[in-house]
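J.: First the structure, which I've put down as structure tokens, then a few questions once you've had a look.
Residue numbers (my numbering): 15 to 218.
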């Protein structure tokens, strides 16, 4: 996995996210998430995402309706939904669709393309560059994302966390789909996990 410097650029507009989550998912692959923290910027090119389709999806946090925990999912498209899981990990999602639909994309994996040294300092157990953001919990650690970023507008240029297109990147390549990870019961077989075929940073 190589390291490329990603310059500051305009984030994807809210209209990009204001579509059905299953349309946004493959289009988001190859986009870059950048967190500009006090320690410095880290950017990750997304190679794997997972779709959750609101109150109609038993696998979604919004399936049983709105709660204080999942309220951001019901908000405007392009907001960041961050939650704590297993008592130890933060996971990051991007809200899709119109206000009230509560659809979101879990960011599962990516390639660190800026701030490699800072990402490595945060992910000291990584055995190789490809492992820095290879999985949803690793991705948030590498980026320095925690619950303080819940509700952030990732479409605003001055936001500390933005999602942008990466026109300087190589072609995203073919997109593969398969069942989501850790989803049981109805909806377990939905092919709503999307990843770039052949990418070494896709989660195991």
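No residue lacks a Cβ here, since even glycine has one placed at the ideal position from N, Cα and C.
Do you know how far the Cα of residue 160 is from the Cα of residue 93?
T.: Your numbering for residue 93 matches position 79 in the chain shown. Your numbering for residue 160 matches position 146 in the chain shown. Spanning the two alpha carbons is a distance of roughly 14 Å.
J.: Applying the criterion that 16 or more other CB atoms from any shown protein chain within 10 Å of the CB defines a buried residue, is residue 200 buried or exposed?
T.: To locate residue 200, count along the chain shown from 1; it is residue 186. With fewer than 16 Cβ atoms within 10 Å of its Cβ, residue 200 is classed as exposed.
J.: Does the Cβ of residue 99 have 16 or more other Cβ atoms within 10 Å, making it buried, or fewer, making it exposed?
T.: The sequence position of residue 99 within the chain shown is 85, counting from 1. Flag for residue 99 reads exposed.
J.: Any Cβ of chain C within less than 8 Å of the Cβ of residue 191?
T.: Here there is only one protein chain, and chain C is not present.
J.: Let me confirm a value: residue 113 is counted as buried when at least 16 other C-beta atoms fall within 10 Å, else exposed. Which label applies?
T.: Here residue 113 refers to the residue found at position 99 of the chain shown. The residue in question, residue 113, is exposed, as its Cβ has fewer than 16 Cβ neighbours within 10 Å.
J.: Please name the residue, chosen from 139, 163, 115, that lies closest to residue 105 on a Cα-to-Cα basis.
T.: As a working note, residue 105 is residue 91 in the chain shown. Considering only alpha carbons, the answer is 163.
J.: Could you pull the DSSP bridge partners for residue 48 from this structure?
T.: In the chain shown, counting from the first residue as 1, residue 48 sits at position 34. Paired residue(s): 57, 176.
J.: Contact check, residue 39 vs residue 60 under 8 Å by CB: the rounded distance?
T.: Position 25 of the chain shown holds residue 39. Position 46 of the chain shown holds residue 60. Not confirmed; about 10 Å, so no contact.
J.: If we call anything under 8 Å between Cβ atoms a contact, is residue 124 one with residue 49?
T.: In the chain shown, counting from the first residue as 1, residue 124 sits at position 110. In the chain shown, counting from the first residue as 1, residue 49 sits at position 35. No; because the gap between Cβ atoms is not below 8 Å, this pair is not in contact.
J.: Which class does residue 120 belong to by DSSP, given the choice of helix, strand or coil?
T.: Position 106 of the chain shown holds residue 120. Residue 120: strand per DSSP, three-state reduction.
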